[in-house]
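Residue numbers (my numbering): 15 to 367. Right, one structure below, let's go through it.
In structure tokens:
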């Protein structure tokens, strides 16, 4: 996670980029924040992972509990920006002046409610101690943010709701995000943080995008290939049932090679089931861009049956037979699988000061 530049002691507007850390649990606190726009994720680091608490949005307040902590002004959780977010920073000195202006009885009520909420948070934290598994020797089990069941729930809901309640515009299915969230949260009770994070991955990898609605607000979800999303859903479900050594996986470098192979076939307007590819030309392109990818990185694709062994021809030209129809069908799923794996690794490896 990126650590955003820390603001000084004065109040004012602060802007955060996606992934920026606002503060970590147990940090010394000297201010609270009012969200002007964007989304902030609150969580408690735990072992190699964390326990999600909430997602806060425009108009909500963050960090106010530290003001009421009589023992020490410390953050009770960590906070990061999910999307580009603007917050108004209010120093505790400024907030204290506002509190001093309250009637004594009202101030007592506020302090009492804050103390009770603090005790409730502590109790919840105790109950959450079972949320991370422990392995042999008391070691923390491997943490995984996205489980296959999470992916299937979100992708399945996106596909079914968009397909049945969306509309097709210029060849693409789209649906208003409010209707989508109604089914995700109110009907299927999908965990909000899982949806938000996976939705961002899908946007970053260009499987979908947000376009403007009638009020010129970016609240319409537009899918680049709705049937392709169904194929991805089928792929993840099939992989879920396989033993680990039989699952179809390729390394990130192999994925980049396969992407270039796809481009080569598209340029040639190739539509057959299988065909040869000029691997030397692709590797030369990587070399010119100083990208460390070699013919060895195609090994995963060979092992899972996407192409045959590499052939060395005249003038040491490298080529191989690629099962293009098969590759074309599952490549979007392989690409998303790697993006999700990278996201899981980032979450599991995050450090909290």
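Glycine included, C-beta positions come from ideal geometry on N, C-alpha and C.
Close CB contacts of residue 299 within its chain, under the 6 Å cut and outside five residues either way in sequence, are absent. Scanning 341, 306, 33 for the CA closest to the CA of residue 296 turns up 306. In the DSSP assignment, residue 88 forms a beta bridge with 42. Excluding sequence positions up to five before and after residue 168, its CB lies within less than 7 Å of the CB of 204, 208, 209, 212, all in the same chain and listed in chain order. Look at residue 30 here: in three-state DSSP terms it is strand. Listed as beta-bridge partners of residue 292 by DSSP are 333. Residue state for residue 262 is assigned as coil, using DSSP reduced to three classes. Taken atom to atom, the span from the alpha-carbon of residue 320 to that of residue 255 is near 20 Å. Beta-bridge analysis with DSSP links residue 241 to no other residue. Shown here, residue 230 sits in coil according to DSSP, grouped into three states, outside any helix or strand. In the same chain as residue 25, and ignoring 5 residues on each side of it, the C-beta atoms closer than 6 Å to its own belong to 103, 104, 105, 108, in chain order. Contact annotation: the stretch 87-94 touches the stretch 38-50, with at least three C-beta pairs closer than 8 Å. With 16 or more other Cβ atoms from the protein chains shown falling within 10 Å of its own Cβ, residue 99 counts as buried.
Residue ranges of uninterrupted beta strand (DSSP E) with 3 or more members, entirely inside the stretch 159-231 and ordered along the chain, are 181-183, 186-190, 222-226.
Between the stretch 259-271 and the stretch 346-357, the count of Cβ pairs shorter than 8 Å is three or higher; the stretches touch. Nearest C-alpha to residue 37 among 325, 55, 50: 55.
Here residue 187 is near residue 240, since their CB atoms are less than 9 Å apart.
The count of Cβ pairs closer than 8 Å, one atom from the stretch 191-205 and one from the stretch 215-222, stays below three, leaving the stretches out of contact.
Burial state of residue 178 is exposed, judged by a 10 Å Cβ sphere holding fewer than 16 other Cβ atoms.
The C-alpha of residue 286 lies about 13 Å from the C-alpha of residue 343. By the CB criterion at 9 Å, residue 171 and residue 250 fall outside the cutoff. For residue 359, the enclosing alpha helix (DSSP H) begins and ends at 338-362. With respect to the C-alpha of residue 330, the residue from 57, 112, 293, 248 having the closest C-alpha is 293.
Taking the Cα of residue 236 as reference, the smallest distance to any Cα among 229, 225, 64, 281 is reached at 225.
In summary, residue 73 is exposed, with fewer than 16 beta-carbon neighbours lying within 10 Å of its beta-carbon over all protein chains present. Using a 10 angstroms sphere on the CB of residue 77, the tally of other CB atoms reaches 16 or more, which defines it as buried. Judged by DSSP secondary structure, residue 102 falls within the beta strand (DSSP E) whose first and last residues are 99-105. About 6 Å separates the Cβ atoms of residue 48 and residue 101, confirming a contact at the 8 Å cut-off.
C-alpha of residue 333 to C-alpha of residue 166: approximately 37 Å in a straight line. Between the alpha carbons of residue 289 and residue 322 lies a distance of about 10 Å. Counting only the Cα atoms, residue 35 lies some 14 Å from residue 64. Bridge partners of residue 47 according to DSSP: 76, 103. The C-beta distance from residue 91 to residue 29 rounds to 22 Å, too long to fall under 8 Å, and the pair is not in contact. Residues 187, 188, 189 of the same chain have their beta carbon placed closer than 8 Å to that of residue 181, with the five preceding and five following residues left out of the count.
For residue 338, the CB contacts under 7 Å within the same chain, skipping 5 residues up- and downstream, are 279, 284, 286, 287, 288, 289 in chain order. Around the beta-carbon of residue 259, fewer than 16 other beta-carbon atoms lie within 10 Å, marking it exposed.
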